[in-house]
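Trainee: Using UniProt numbering, you'd call the opening residue of the sequence shown number 1 and step up by one each time. Glycine residues also receive a C-beta, built at the ideal position from the N, C-alpha and C atoms. Below: one structure in structure tokens.
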Amino acid sequence: MSQKLVKNTIYYSIGEIVPRIVSFLLLPILTKYLTANEYGIVSYTNSVMTFVFVIAALSLNTFVLRHYYSVKDENSKKELIGSIFLFIFGFNCFLVVLQMVFFPILIDVFSINIPFKPYFQLAILNNFFDVISIIPLVLYRVKENAKGFLMLSLSRTLLQFLMVYVFVVICNQGLLGSYYARLVINVPYMFVYFYMIYKNSIFKINFKLIKEALHFTLPILPGSLAFLFVSLSDRVILERYISLDQLGVFSVAITLATVLNIVIQALYKTFEPILFKEYFNENFQETNLRLYKFYLLALFAGAFGTSIFSKEFFAIATSGAFKEGYKLVPFFIVSVVIAGINTYLNILMIANKKQKMVSFISIISAVISVVLNLILIPHYGCYGAIIASAASFLFSNIIFQCHTIITKKYIITQGILILQIVLVPLLYDELFNFSILANLIFKIIIFISFVFLCFKFFNIDLNFFKVIFAKDRVNFK
1 MSQKLVKNTI
11 YYSIGEIVPR
21 IVSFLLLPIL
31 TKYLTANEYG
41 IVSYTNSVMT
51 FVFVIAALSL
61 NTFVLRHYYS
71 VKDENSKKEL
81 IGSIFLFIFG
91 FNCFLVVLQM
101 VFFPILIDVF
111 SINIPFKPYF
121 QLAILNNFFD
131 VISIIPLVLY
141 RVKENAKGFL
151 MLSLSRTLLQ
161 FLMVYVFVVI
171 CNQGLLGSYY
181 ARLVINVPYM
191 FVYFYMIYKN
201 SIFKINFKLI
211 KEALHFTLPI
221 LPGSLAFLFV
231 SLSDRVILER
241 YISLDQLGVF
251 SVAITLATVL
261 NIVIQALYKT
271 FEPILFKEYF
281 NENFQETNLR
291 LYKFYLLALF
301 AGAFGTSIFS
311 KEFFAIATSG
321 AFKEGYKLVP
331 FFIVSVVIAG
341 INTYLNILMI
351 ANKKQKMVSF
361 ISIISAVISV
371 VLNLILIPHY
381 GCYGAIIASA
391 ASFLFSNIIF
401 QCHTIITKKY
411 IITQGILILQ
421 IVLVPLLYDE
431 LFNFSILANL
441 IFKIIIFISF
451 VFLCFKFFNI
461 DLNFFKVIFA
471 KDRVNFK
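See below:
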């Protein structure tokens, strides 16, 4: 792996880690100043807006990444960036109006226990600003300027954290303060995005290019929505069977379990453009295997660390009813790991222009998830949702494994490691009851042993990390 690739991975990792760290720093604040009921409201509106985000983005960021490298002249690249950004902005203005009109009606029809005003209203506005940030961030990625990506993403995240603290703690605005804090930062950043695109694109819409983009991305969209439905539908269904207090605890456990997305998204943002660029080269499978092995190593090490230290995290960072959420984390991790593996396989499928198959499989997976959630949640509550999620992701994984080519897939190894991720933390916490400090020491030893085992299983040379970083070459204006 090249020095530049390692450095970009580190920068993207920081870009993913810091927002997650901020989420963890916010947990003690939010669990202290918000009730479990209020945290459940935040989780529910965020889940709904995640669906809207995918519809609003139309997977056009994937088209930019896929198409940018096939365009040779600079003007065509600038036209690509400008056209996609302006189309997303216009489409989302229209979408916001639709949401403001129809969301209150849908909330009444489905008897949702969360009012449209002000919670959904503010969530819709914040989601709008999040969507228009996509192409400016992709601009850094296609120019392989990971440091610029980091600076833009990190600055907004830290400012939002500061404003949440100000609104929730100092100004005592409670639940509404968390929504207003994001909005106050999102508005000025919109002008930053426009300036970036204006300086690095041809600032007009090429409708022929938009038609080509939609022809590529619309087959992906159902799959993306289905993937999210598998990930988030449990919270929508749980709201009808458990209290908002229980939903709040469930959501905090998910927040910790999905810390693994730090690894997934950091490597995804680094590897996706590389796999697209190298796909038709003769030595692609050699590159693919090296990336896949490193991806699995980072994924399983991150999963085990999250799982085994979950009890200590909840003891330190949460209070009251939230503390028992650690018991759910090792089970949640299974779904996150399988979804993480699917993320890598999805890149290979799309690179091979099998996006329609990806969408079809994801839709079937979503149907499986909904059916299992409706069957299991009334009887088993949160654990029913966990089983449904794992089963649906596993279905997709089996199909993806059959339709992708990797020299060695390590399927049996993955199964063994997943069992360890679940069983080792559960058995340790059941058998031993030391102080937090003693537990941390013993668990660090266990974690290091697990990582060493992963190196051996995936046949990765320990000398891999002996890399001296050269000075950056920034190719972004």
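Comparing alpha-carbon positions, which option in Ile444, Tyr68, Gly415, Val71 lies nearest Leu394?
Mentor: Position 394 of the sequence shown, counted from the start, is the residue given in the question as residue 394. It is Gly415 whose Cα lies nearest to the Cα of Leu394.
Trainee: Have a look at Leu426 and His215 and give me their C-alpha separation to the nearest angstrom.
Mentor: The count along the sequence shown starts at 1 and reaches residue 426 at position 426. The count along the sequence shown starts at 1 and reaches residue 215 at position 215. Computed Cα separation, rounded: 48 Å.
Trainee: Starting from Val337, follow the alpha helix (DSSP H) in both directions and report where the run begins and ends.
Mentor: Sequence index remark: in the sequence shown, residue 337 carries index 337 (1-based). Segment 329-351, the alpha helix (DSSP H) holding Val337.
Trainee: Could you tell me the boundaries of the alpha helix (DSSP H) in which Thr287 lies?
Mentor: As a first step, residue 287 must be located in the sequence shown, where it is residue number 287. That run of the alpha helix (DSSP H) goes 284-308.
Trainee: Between which two residues does the alpha helix (DSSP H) carrying Val421 extend?
Mentor: By one-based count along the sequence shown, residue 421 stands at place 421. Reading the sequence as shown, one finds Ile at residue 421 and not Val. Unbroken alpha helix (DSSP H) run through Ile421: 411-431.
Trainee: Tell me the residue span of the alpha helix (DSSP H) that contains Phe191.
Mentor: Here the question's residue 191 lines up with position 191 in the sequence shown. 174-199 is the extent of the alpha helix (DSSP H) around Phe191.
Trainee: Cα-Cα, which of Ala226, Gly177, Pro330, Lys32 is closest to Thr50?
Mentor: Position 50 of the sequence shown, counted from the start, is the residue given in the question as residue 50. The option with the nearest alpha carbon to Thr50 is Ala226.
Trainee: What's the C-alpha gap between Ala181 and Met163?
Mentor: By one-based count along the sequence shown, residue 181 stands at place 181. By one-based count along the sequence shown, residue 163 stands at place 163. Answer to the nearest angstrom: the Cα atoms are 5 Å apart.
Trainee: How should Glu79 be labelled, buried or exposed, when 16 other C-beta atoms within 10 angstroms of its C-beta is the threshold for buried?
Mentor: Here the question's residue 79 lines up with position 79 in the sequence shown. Buried, since its Cβ has 16 or more Cβ neighbours within 10 Å.
Trainee: From what residue to what residue does the alpha helix (DSSP H) around Glu212 run?
Mentor: Counting from 1 along the sequence shown, the entry for residue 212 is found at position 212. Run containing Glu212: 207-217, per the alpha helix (DSSP H) assignment.
Trainee: How is Arg66 classed by DSSP in three states: helix, strand or coil?
Mentor: Here residue 66 corresponds to residue number 66 of the sequence shown, with the count starting at 1. Looking at Arg66 - three-state DSSP - the assignment turns out to be helix.
Trainee: Just the Cα atoms here: how many angstroms apart are Thr404 and Tyr295?
Mentor: Locating residue 404 in the sequence shown gives position 404, counting from the first residue. Locating residue 295 in the sequence shown gives position 295, counting from the first residue. Near 16 Å, if we compare the C-alpha coordinates of Tyr295 and Thr404.
Trainee: Let me make sure I understand the geometry here. Which of Leu256, Val367, Arg235 has the alpha-carbon closest to that of Val336?
Mentor: As a first step, residue 336 is located in the sequence shown; it is residue number 336 there, counting from the start. Ranking the options by Cα distance to Val336, first place goes to Leu256.
Trainee: Would you call Cys454 buried or exposed, if buried means 16 or more other Cβ atoms sit within 10 Å of its Cβ?
Mentor: On the sequence shown, residue 454 is found 454 positions in, with the first residue counted as 1. Per the 10 Å Cβ criterion, buried.
Trainee: Residue range of the alpha helix (DSSP H) that Pro378 falls in?
Mentor: As a first step, residue 378 is located in the sequence shown; it is residue number 378 there, counting from the start. Counting along the chain, the alpha helix (DSSP H) containing Pro378 begins and ends at 355-380.
Trainee: Thinking Phe314 and Phe322 are a contact (beta carbons under 8 Å), I'd like their distance in whole angstroms, please.
Mentor: Taking the first residue of the sequence shown as position 1, residue 314 is located at position 314. Taking the first residue of the sequence shown as position 1, residue 322 is located at position 322. Between Phe322 and Phe314 the Cβ distance is about 7 Å, and since that is below 8 Å, they are a contact.
Trainee: Take Glu212 as the anchor and find which of Gln420, Val424, Tyr11, Ile84 has the nearest alpha-carbon.
Mentor: Counting from one through the sequence shown, the residue named residue 212 turns up at place 212. The shortest C-alpha separation from Glu212 is found at Ile84.
Trainee: Do the CB positions of Ile368 and Ser392 come within less than 8 Å of each other?
Mentor: Position 368 of the sequence shown, counting from 1, holds the residue named residue 368. Position 392 of the sequence shown, counting from 1, holds the residue named residue 392. Closer than 8 Å, so yes.
Trainee: Where does Leu267 sit, in a helix, a strand or coil, going by DSSP?
Mentor: Against the sequence shown, residue 267 aligns to sequence position 267. Three-state result, Leu267: helix.
Trainee: Classify Thr318: buried if its beta carbon has 16 or more other beta carbons within 10 angstroms, exposed otherwise.
Mentor: In the sequence shown, the residue the question calls residue 318 occupies position 318. Under this definition Thr318 is a buried residue.
Trainee: Using the rule of at least 16 other Cβ atoms within 10 Å of the residue's Cβ for burial, across every protein chain shown, is Thr306 buried or exposed?
Mentor: Indexing the sequence shown from 1 puts residue 306 at position 306. It counts as buried.
Trainee: When the Cα atoms are used, what is the spatial distance from Lys354 to Arg141?
Mentor: For the purposes of this step, residue 354 is taken as residue 354 along the sequence shown, with counting starting at 1. For the purposes of this step, residue 141 is taken as residue 141 along the sequence shown, with counting starting at 1. Straight-line Cα distance between these residues: approximately 23 Å.
Trainee: For Phe458, count the other beta carbons within 10 Å of its own beta carbon; 16 or more makes it buried, fewer makes it exposed. Which is it?
Mentor: If you number the sequence shown from 1, residue 458 lands on position 458. Phe458 is buried by the Cβ-count criterion.
Trainee: Roughly how many whole angstroms lie between the Cα atoms of Val467 and Ser43?
Mentor: Walking along the sequence shown from the start, residue 467 turns up at place 467. Walking along the sequence shown from the start, residue 43 turns up at place 43. For Val467, the predicted structure reports a pLDDT of 40, less than 50, and the residue's modelled location is therefore unreliable. A value from the coordinates is still provided. Val467 and Ser43: Cα-Cα distance of roughly 41 Å.
Trainee: Report the rounded CA-to-CA distance for Met1 versus Pro104, giving the unit in angstroms.
Mentor: The count along the sequence shown starts at 1 and reaches residue 1 at position 1. The count along the sequence shown starts at 1 and reaches residue 104 at position 104. Low local confidence applies: a pLDDT of 47 at Met1 is under 50, so the model's placement there is unreliable, with the coordinate-based value given in what follows. Between Met1 and Pro104, the C-alpha separation is close to 52 Å.
Trainee: Keeping to the same chain, check which residues put their C-beta closer than 7 Å to that of Phe53; ignore five residues upstream and five downstream.
Mentor: What you label residue 53 is simply residue 53 of the sequence shown in a count that begins at 1. Asn127, Asp130, Val131, listed in sequence order.
Trainee: Cβ of Phe191 within 8 Å of Cβ of Ile197?
Mentor: Sequence index remark: in the sequence shown, residue 191 carries index 191 (1-based). Sequence index remark: in the sequence shown, residue 197 carries index 197 (1-based). Result no, Cβ atoms of Phe191 and Ile197 do not sit closer than 8 Å.
Trainee: Where does Thr407 sit, in a helix, a strand or coil, going by DSSP?
Mentor: On the sequence shown, residue 407 is found 407 positions in, with the first residue counted as 1. Three-state DSSP puts Thr407 in coil, outside helix and strand.
Trainee: Let me know if Ile14 comes out buried or exposed under the rule of 16 or more other beta-carbons within 10 Å of its beta-carbon.
Mentor: Position 14 of the sequence shown holds residue 14. Looking at its Cβ environment, which holds 16 or more other Cβ atoms inside 10 Å, Ile14 is buried.
Trainee: Rounding to the nearest angstrom, what Cα-Cα distance links Leu374 and Tyr68 in this structure?
Mentor: Along the sequence shown, read from residue 1 onward, the residue named residue 374 stands at position 374. Along the sequence shown, read from residue 1 onward, the residue named residue 68 stands at position 68. So the alpha carbons of these two residues sit roughly 42 Å apart.
Trainee: Could you spell out where the alpha helix (DSSP H) holding Asp108 opens and where it closes?
Mentor: Position 108 of the sequence shown, counting from 1, holds the residue named residue 108. Note, Asp108: alpha helix (DSSP H), 74-109.
Trainee: Distance check for Ser310 and Phe465, CA to CA, integer angstroms please.
Mentor: Along the sequence shown, one-based indexing puts residue 465 at 465. Along the sequence shown, one-based indexing puts residue 310 at 310. In this prediction, Phe465 scores a pLDDT of 44, lower than 50, which makes its location untrustworthy; the coordinate-derived value is nonetheless stated afterwards. So the two alpha carbons sit approximately 27 Å from each other.
Trainee: Helix, strand or coil: which one does DSSP assign to Leu137?
Mentor: Walking along the sequence shown from the start, residue 137 turns up at place 137. Leu137 falls in the helix class under three-state DSSP.
Trainee: Using CA coordinates, which residue listed in Ser76, Ile88, Val71 is at the minimum distance from Val60?
Mentor: Numbered from 1 along the sequence shown, position 60 holds the residue referred to as residue 60. It is Leu, not Val, that sits at residue 60 in the sequence shown. Leu60 has its Cα closest to that of Ile88, out of Ser76, Ile88, Val71.
Trainee: Could you tell me the alpha carbon to alpha carbon distance between Asn475 and Ile316, rounded to whole angstroms?
Mentor: Sequence index remark: in the sequence shown, residue 475 carries index 475 (1-based). Sequence index remark: in the sequence shown, residue 316 carries index 316 (1-based). Caution applies to Asn475, whose pLDDT of 43 falls short of 50 and renders its modelled position unreliable; the value that the coordinates give is listed next. The straight-line gap from Cα to Cα measures roughly 43 Å.
Trainee: For Phe395, which three-state DSSP category applies?
Mentor: The residue labelled residue 395 in the question sits at position 395 within the sequence shown. Reduced to three states, the DSSP call for Phe395 is helix.
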